[in-house]
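Residue numbers 1 to 265, in UniProt numbering, belong to the letters of the sequence shown in order. These notes are about the structure you will find just below.
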Amino acid sequence: MNPKGPILFFDSGVGGLSVVKEARILMPDRAYVYVADDAAFPYGDWQEDALRARLIALFGELIERFAPSMIVIPCNTASTLVISDLREAYPEETFVGTVPAIKPAAERTRSGLVSVLATPGTVRRQYTFDLIRDYASRCEVNLVGSEHLARLAEQYMREGHVEEADVAREIVPCFQEQDGRRTDIVVLACTHYPFLVNRMRKMAPWPVDWIDTSEAIARRALLLASALPLPDAQPQGRDVAIVTSGNVTKPLARLMTGFGFALQA
């Protein structure tokens with residue numbers, strides 16, 4: 001770990017930019033690197049052992065290249081699968097992960113009906129079941145593994161367009177009625193999903209509280225970063241974004257520029 005190095009954000013695609021946006025508000029003087037593992041997107045299509053091996057090897061390359069002061073993994077799928085392995089493999093590094101916001105949802109629900117909207121990989125992981133057991137045993141938690149929503153969000157961010165009917169189909173299973181009660185909270189357990197939340201609100205059959213963990217992740221990073229010295233003065237345009245596919249398209253470059261990154265393959 002280089003205490004003056006950049007903070008490295010890692011996600012399967014562009015979804016983690018939702019956390020970078022919050023982090024920049026809280027830590028404007030830090031240097032940032034953003035890595036989108038779009039060569040492997042979406043992670044939900046991978047077998048767990050293969051994805052675990054890929055990520056452990058990839059992080060070794062990233063740590064050697066950037067010497068980060070901290071590594072933030074907003075991606076729920078990657079965090080719940082491999083963050084303990086990463087901490088074991090790279091014990092000198094500081095990792096900040098994320099988990100589905102099941103605990104705050106259980107504390108805030110009034111109806112007792114909570115839905116967790118996530119990728120298929122996240123909803124089938126034992127980590128998620130353990131969170132429900134530990135923090136939401138008095139609620140009825142409906143796990144909704146969306147096959148297509150992350151792709152739709154990625155498309156929206158890169159191209160600026162998505163069909164609202166496609167979004168509606170993905171969120172319909174979140175809304176349940178039982179004994180006069182209705183789902184009142186939906187946990188957005190994927191960093192891609194907040195970029196579509198306005199579409200979700202519009203297409204929802206009734207109003208719910210959508211829980212987004214982006215700010216909470218950024219605040220955790222801030223807490224850990226407070227013990228680190230500020231980086232040395234850097235030239236303008238210091239922040240870089242990497243896409244593992246090497247597919248540097250003009251729309252993607254514009255997107256990254258809008259978030260303050262110079263895009264590299």
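Backbone N, C-alpha and C fix where the C-beta goes; we use that ideal spot for every residue, glycine too. Treat the numbers as computed from the prediction; the structure is a model and nothing was measured.
Beta-bridge analysis with DSSP links Arg138 to no other residue. Its chain contains Asp37, Thr244 as the residues whose beta carbon lies nearer than 8 Å to that of Leu58, once the 5 sequence neighbours on both sides are disregarded; these appear in chain order. Inter-residue distance for Ser146 and Lys103 is about 21 Å (C-alpha atoms, whole angstroms). Annotation for Ile102: the continuous alpha helix (DSSP H) segment containing it runs 102-108.
Taken in chain order, the complete alpha helix (DSSP H) segments of 4 or more residues contained in the stretch 188-232 are 197-203, 214-225. Just so you know, the alpha carbons of Leu113 and Arg199 end up roughly 22 Å apart. Counting other Cβ atoms within 10 Å of its Cβ, Trp206 stays below 16 and is therefore classed as exposed. Contact check for Glu170 and Phe41: beta-carbon distance about 17 Å, past the 8 Å limit, so the pair fails to qualify.
With distances taken between CA atoms, Tyr43 lies nearest to Ser12 out of Val72, Val20, Ser12. The Cβ neighbour count for Glu177, taken over all protein chains shown within 10 Å, is under 16; the residue is labelled exposed.
Distance from Val33 to Val240 at the Cβ level is roughly 6 Å; contact confirmed, criterion being Cβ atoms closer than 8 Å.
Beyond the five residues adjoining it in sequence on each side, Tyr193 comes within less than 7 Å, by CB distance, of Leu117, Leu149, Ala153 in the same chain, given in chain order.
When beta bridges are read from the DSSP output, Gln264 appears opposite Ile242. For Phe9, the three-state secondary structure derived from DSSP is strand.
By the neighbour-count definition (other C-beta atoms within 10 Å, threshold 16), Phe129 is an exposed residue. The criterion of a C-beta distance shorter than 8 Å is satisfied by Ala218 and Ala23.
Judged by DSSP in its simplified three-state form, Tyr43 adopts helix. Taking 8 Å as the cut-off, the Cβ atoms of Ala31 and Leu55 do not count as close.
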